[in-house]
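Participant:
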Amino acid sequence: MTSNVFEYAPAPESRSIVDIKPSYGLFVDGEFVDGHGTSFKTISPATEEVLSEVAEADQADIDLAVKAARRAHTRVWSRMPGRERAKYLYRIARIIQERGRELAVLESIDNGKPIKESRDVDVPVAAAHFFYYAGWADKLEYSGYGDRSLGVAAQVIPWNFPLLMLAWKIAPALACGNTVVLKPAETTPLTALLFAEICQQADLPPGVVNIVTGAGATGQALVGHTDVDKVAFTGSTEVGKAIARAVAGTDKKVTLELGGKAANIVFDDAPLDQAIEGIVDGIFFNQGHVCCAGSRLLVQESVADDVLERLKRRMATLRLGDPLDKNTDVGAINSAEQLARIRELSDIGEAEGAGRWSAPCELPTTGFWFPPTIFTGVTQAHRIAREEVFGPVLSVLTFRTPAEAIEKANNTPYGLSAGVWTDKGSLILKMAGSLRAGVVWANTFNKFDPTSPFGGFKESGYGREGGRHGLAGYLKGGE
Amino acid sequence: MTMSRVDVRKTYKLFIGGAFPRSESGYSYVVHDSKGAFVANAALASRKDARDAVVAARKAFGGWAGKTAYNRAQILYRIAEIMEDRRPQLVQAVRQSEGLSGSRAEKVLDESIDRLVWYAGWADKLTQVVGNANPVAGPYFNLSTPEPTGVVGVLAPQESSLLGLVSAVAPVIVTGNTAVVVSSYRRPLPAVTFAECLATSDVPGGVVNILTGDATTIAPWLAGHMDVNAIDLLGVAGDTELATSLEVAAADNLKRVRRAPAAEPDFAADPGLEAMTAFVETKTVWHPIGV
Chain Z
88 MTSNVFEYAP APESRSIVDI KPSYGLFVDG EFVDGHGTSF KTISPATEEV LSEVAEADQA
148 DIDLAVKAAR RAHTRVWSRM PGRERAKYLY RIARIIQERG RELAVLESID NGKPIKESRD
208 VDVPVAAAHF FYYAGWADKL EYSGYGDRSL GVAAQVIPWN FPLLMLAWKI APALACGNTV
268 VLKPAETTPL TALLFAEICQ QADLPPGVVN IVTGAGATGQ ALVGHTDVDK VAFTGSTEVG
328 KAIARAVAGT DKKVTLELGG KAANIVFDDA PLDQAIEGIV DGIFFNQGHV CCAGSRLLVQ
388 ESVADDVLER LKRRMATLRL GDPLDKNTDV GAINSAEQLA RIRELSDIGE AEGAGRWSAP
448 CELPTTGFWF PPTIFTGVTQ AHRIAREEVF GPVLSVLTFR TPAEAIEKAN NTPYGLSAGV
508 WTDKGSLILK MAGSLRAGVV WANTFNKFDP TSPFGGFKES GYGREGGRHG LAGYLKGGE
Chain H
25 MTMSRVDVRK TYKLFIGGAF PRSESGYSYV VHDSKGAFVA NAALASRKDA RDAVVAARKA
85 FGGWAGKTAY NRAQILYRIA EIMEDRRPQL VQAVRQSEGL SGSRAEKVLD ESIDRLVWYA
145 GWADKLTQVV GNANPVAGPY FNLSTPEPTG VVGVLAPQES SLLGLVSAVA PVIVTGNTAV
205 VVSSYRRPLP AVTFAECLAT SDVPGGVVNI LTGDATTIAP WLAGHMDVNA IDLLGVAGDT
265 ELATSLEVAA ADNLKRVRRA PAAEPDFAAD PGLEAMTAFV ETKTVWHPIG V
């Protein structure tokens, strides 16, 4: 497994295309302004190199941003005919495509994800979201939710797909005639700030999009602001619950995309080679920093040994390292804090008696890294089978019958996604109907599309993003 | 000497898991008619009754959600048939509770029955209206359909004791959810009679559970219950403080919350889809297309 038949020469993508400024302000009312909080540094998780110093928005800055958004909503954006709003969104989609390489490189530098993912998934799907929702802007009366916007949307996004989550939030909000104040995650603010420049290039009216940077306190101030009409959050279930409490008793509309502990279920008649690719993609894509990651592998007992052997063989070929190398499969863990969390839960898994195996790969000496890892002999009571690791760690459980698979798959407070692998059509439909999850991937995994609604059951949150359903959270008639 | 016959009075009880138990607490409370005269002692549901009802509702969920939509439609329609059959009893209950004239009470019953028939028809249509085939940019079949949220706590309206009750319960169960309902406190008797209609309408036990008693004391237990998936705060309309505290408690397991309106709505108005869509989840299924 460690033969060098597949040795590759380094193939780094050039970072000369990006121009990272030494410091960034907030983007409010169409301009970059100074923040009044304590500015913070954003680093490359692959090298720990300091990339830039970023302003922190305090309560007063949030207030100015919300005021700008309110003004833009009242005076410009909500009054603009849908077909004109659409053209701004189309412009943005086009500029994202034009500046795609720059966005992809910047995303990989700031986030640590492999360039092949930022280049082939994050950026093109972000552009596709703007293109898709652009077309809704002048067709809302046919959506089933009416065409009346809510007002100002407060949006808080995570660090795992910084630009893509921004697109999921901003595109439908703007298409429906709302204006936004968006806070990117504190570890990955750079593509959102580049997006602010894209808004300027598109001549988007000032105040329609405002970007405020900061950490948890900034996010709290934003979602708690009394003059926002909508709160959209993607992140942890814990913070999601805090937001649900904070908005209680208000008229704020809320969309929450939270954690997951998805079951990826492999039956004995599954096309195993494809299933192995799906398992690997399900948990190691984006270093497992994916809310819908297939982090619990449920494999039918009769093929468990075979699947594990094939899986280990495949994992041994994963290339971990420089996110900017075009051959890299697994990049850096996004932060020291997240790395500590992954290590802690993995150690607990081992202490609780599960068998730990990591792909044999050399970890770089600087930056934050964790090898692709599986745990075997996991039971439903193990913490690694119940808690979201949000890293490249897979728990393997077995089952005998479809009924047992359903029981185990649904035995979680989460309900974001699930996977099913079998050649039997009727079994796929039976499983798809029985799994309490918002997205079910059958004989595939981790597929995303702007036309396809995404969101969870139970403690994975509520509301949907993407597709026609994604409009409901941004229109007055959408319930 | 002639003696007039002494009538046999009904004991008003709770409705849990298809049975009619008294409150396990042993408590009851006096129900008056609209003029203040004694009518009956109703069971005063306790926290334990609420928890028992949640267990019954959870147990019934899989079977009810798994029925065909056509079957659920027929069962809801059957409730309407039984209510039509029990007109005098229901009209009397509404008159007594709400102090309406005979003709007004008849009208309320008409609308309650018609509302059930309307919702019955939605069972096999909502998926077609709110579901979607999604044209994804790749060789994949992709379909989004609504599925029931699970066990739903329903705080029934305080004023509209029958039409409001039916308007709150029918949209929850028609999509396959099961319900734990807290009736109007001062006007609980139409809810008990409604429960008797449910019990004779092929509605499986546990699909609808009705607790008579005080929403202000029972609702916090439902809102904080970790095996309840959603809650409709209709019954605390206008009580902002209580509604807010219930919404806060509901966040413990991220219940879907249908917020309390400022005042009880006019239930005679067209209800729209919102009461149904508030308690469904959109599930999206992908499958590759190929050979």
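Sequence order for the protein chains is Z and H.
Take the first sequence: its position 37, counted from the start at 1, is 124 in our numbering, and no numbers get skipped.
Take the second sequence: its position 42, counted from the start at 1, is 66 in our numbering, and no numbers get skipped.
Just so it is clear, CB atoms sit at the ideal spot from N, CA and C, and this is done for glycine as well.
Quick caveat: nothing in here was measured; it's all calculated off a predicted structure.
Quick check: what's the CA-CA separation for residue 117 of chain H versus residue 217 of chain H?
Facilitator: Taking the first residue of the second sequence as position 1, residue 117 of chain H is located at position 93. Taking the first residue of the second sequence as position 1, residue 217 of chain H is located at position 193. Whole-angstrom Cα-Cα distance: 8 Å.
Participant: Around the C-beta of residue 88 of chain Z, are 16 or more other C-beta atoms found within 10 angstroms, so that it is buried, or is it exposed?
Facilitator: By one-based count along the first sequence, residue 88 of chain Z stands at place 1. Unreliable positioning characterises residue 88 of chain Z in this predicted model, as indicated by a pLDDT of 45, which lies under 50. The coordinate reading is nonetheless provided below. Exposed, because fewer than 16 other Cβ atoms sit within 10 Å of the Cβ of residue 88 of chain Z.
Participant: So, using beta-carbon positions, are residue 357 of chain Z and residue 508 of chain Z closer together than 8 Å?
Facilitator: Looking up residue 357 of chain Z in the first sequence gives position 270. Looking up residue 508 of chain Z in the first sequence gives position 421. Yes.
Participant: I need the DSSP call for residue 177 of chain Z, collapsed to helix, strand or coil.
Facilitator: The count along the first sequence starts at 1 and reaches residue 177 of chain Z at position 90. Of the three classes helix, strand and coil, the one that applies to residue 177 of chain Z here is helix, per DSSP.
Participant: Quick one: which unbroken alpha helix (DSSP H) runs of 4-plus residues sit fully inside the region 402 to 470 of chain Z? Chain order, please.
Facilitator: The qualifying runs are 423 to 438.
Participant: Using only the alpha-carbon positions, how far apart do residue 149 of chain H and residue 519 of chain Z sit?
Facilitator: Counted from its first residue, the second sequence places residue 149 of chain H at position 125. Counted from its first residue, the first sequence places residue 519 of chain Z at position 432. Rounded to whole angstroms, residue 149 of chain H to residue 519 of chain Z spans 20 Å at the Cα level.
Participant: Any C-beta of chain Z sitting closer than 8 Å to the C-beta of residue 164 of chain H?
Facilitator: Taking the second sequence and counting its residues from 1, one reaches residue 164 of chain H at position 140. Yes, residue 164 of chain H lies at the interface with chain Z (some Cβ there is under 8 Å from its Cβ).
Participant: Compute the beta-carbon to beta-carbon distance between residue 337 of chain Z and residue 113 of chain Z, rounded to the nearest angstrom, for a pair I have assumed lies under 8 Å.
Facilitator: Indexing the first sequence from 1 puts residue 337 of chain Z at position 250. Indexing the first sequence from 1 puts residue 113 of chain Z at position 26. That belief does not hold up - the Cβ atoms of residue 337 of chain Z and residue 113 of chain Z are roughly 25 Å apart, past 8 Å.
Participant: Strictly under 8 Å for the Cβ-Cβ distance: is residue 316 of chain Z near chain H by that measure?
Facilitator: Your numbering for residue 316 of chain Z matches position 229 in the first sequence. It does not; no Cβ of chain H falls within 8 Å.
Participant: So, helix, strand or coil for residue 237 of chain H, using DSSP?
Facilitator: For this step, residue 237 of chain H is matched to residue 213 along the second sequence. Reduced to three states, the DSSP call for residue 237 of chain H is coil.
Participant: Using a Cβ-Cβ cutoff of less than 7 Å, which residues in the same chain neighbour residue 141 of chain H once the five nearest sequence positions on both sides are dropped?
Facilitator: The residue you call residue 141 of chain H lines up with position 117 of the second sequence. Closer than 7 Å at Cβ, skipping near neighbours: 101 and 104.
Participant: If you scan the region 276 to 329 of chain Z from start to end, which runs of the alpha helix (DSSP H) of 4 or more residues do you find wholly inside it?
Facilitator: Here the runs fully enclosed are 277 to 288 and 303 to 310.
Participant: Quick one: is residue 250 of chain H buried, meaning 16 or more other Cβ sit within 10 Å of its Cβ, or exposed?
Facilitator: Numbered from 1 along the second sequence, position 226 holds the residue referred to as residue 250 of chain H. Classification of residue 250 of chain H: exposed, given that the 10 Å Cβ count is below 16.
Participant: Which residues in the same chain as residue 314 of chain H place their Cβ atom closer than 8 Å to its Cβ, once the five residues preceding and following it in sequence are excluded?
Facilitator: Position 290 of the second sequence, counting from 1, holds the residue named residue 314 of chain H. Closer than 8 Å at Cβ, skipping near neighbours: 163.
Participant: Where do the ends of the beta strand (DSSP E) carrying residue 164 of chain H lie?
Facilitator: Translated into positions along the second sequence, residue 164 of chain H becomes position 140. First-last of the beta strand (DSSP E) with residue 164 of chain H: 164 to 172.
Participant: For residue 82 of chain H and chain Z, any beta-carbon pair shorter than 8 Å?
Facilitator: As a first step, residue 82 of chain H is located in the second sequence; it is residue number 58 there, counting from the start. No, its Cβ sits nowhere closer than 8 Å to a Cβ of chain Z.
Participant: Any beta-carbon of chain Z closer than 8 Å to the one on residue 311 of chain H?
Facilitator: Along the second sequence, one-based indexing puts residue 311 of chain H at 287. Interface residue, yes.
Participant: Quick one: grab the DSSP three-state call for residue 371 of chain Z.
Facilitator: Position 284 of the first sequence, counting from 1, holds the residue named residue 371 of chain Z. Residue 371 of chain Z falls in the helix class under three-state DSSP.
Participant: In angstroms with no decimal places, state the Cα-to-Cα distance between residue 42 of chain H and residue 275 of chain H.
Facilitator: Along the second sequence, one-based indexing puts residue 42 of chain H at 18. Along the second sequence, one-based indexing puts residue 275 of chain H at 251. Distance between the alpha carbons of residue 42 of chain H and residue 275 of chain H: 30 Å.
Participant: Count the other CB atoms within 10 Å of the CB of residue 166 of chain H; is the residue buried (16 or more) or exposed (fewer)?
Facilitator: Within the second sequence, the letter at position 142 stands for residue 166 of chain H. The residue in question, residue 166 of chain H, is buried, as its Cβ has 16 or more Cβ neighbours within 10 Å.
Participant: Give, in chain order, every residue of the region 258 to 271 of chain H whose Cβ lies closer than 7 Å to some Cβ of chain Z.
Facilitator: Residues passing the 7 Å Cβ filter: 264, 267, 268 and 271.
Participant: Pick helix, strand or coil for residue 162 of chain Z, following the three-state DSSP scheme.
Facilitator: What you label residue 162 of chain Z is simply residue 75 of the first sequence in a count that begins at 1. Correct three-state label for residue 162 of chain Z: helix.
Participant: If we count Cβ pairs, one from each stretch, closer than 8 Å, do we get three or more for the region 200 to 218 of chain Z versus the region 535 to 543 of chain Z?
Facilitator: Contact between the region 200 to 218 of chain Z and the region 535 to 543 of chain Z is present, because at least three Cβ pairs lie under 8 Å.
Participant: Helix, strand or coil, according to DSSP, for residue 216 of chain Z in the structure here?
Facilitator: Your numbering for residue 216 of chain Z matches position 129 in the first sequence. Of the three classes helix, strand and coil, the one that applies to residue 216 of chain Z here is helix, per DSSP.
Participant: Please list the residues of the region 541 to 553 of chain Z that have a C-beta atom closer than 9 Å to any C-beta atom in chain B, keeping them in chain order.
Facilitator: The chain inventory of the structure shown lacks chain B, comprising the protein chains Z and H.
Participant: Please state whether DSSP places residue 249 of chain H in a helix, a strand or coil.
Facilitator: Counting from one through the second sequence, the residue named residue 249 of chain H turns up at place 225. Residue 249 of chain H: coil per DSSP, three-state reduction.
Participant: Please give me, in chain order, every unbroken run of the beta strand (DSSP E) with length at least 3 that falls completely inside the region 218 to 270 of chain Z.
Facilitator: Counting whole runs of 3 or more residues, the region 218 to 270 of chain Z contains the beta strand (DSSP E) stretches 239 to 243 and 266 to 270.
Participant: Along the chain, where does the beta strand (DSSP E) containing residue 53 of chain H start, and where does it finish?
Facilitator: Taking the first residue of the second sequence as position 1, residue 53 of chain H is located at position 29. First-last of the beta strand (DSSP E) with residue 53 of chain H: 52 to 56.
Participant: Can you tell me where the beta strand (DSSP E) with residue 140 of chain Z in it begins and where it stops?
Facilitator: One-based indexing of the first sequence puts residue 140 of chain Z at position 53. 137 to 141 is the extent of the beta strand (DSSP E) around residue 140 of chain Z.
Participant: Below 8 Å on C-beta distance, what does residue 316 of chain H contact in chain Z?
Facilitator: This structure gives no information on residue 316 of chain H, because the portion of chain H shown stretches from 25 to 315.
Participant: Whose C-alpha, out of H/174, H/35 and H/294, is nearest the C-alpha of residue 82 of chain H?
Facilitator: The residue you call residue 82 of chain H lines up with position 58 of the second sequence. Looking at the Cα atoms, H/174 is the closest of the given residues.
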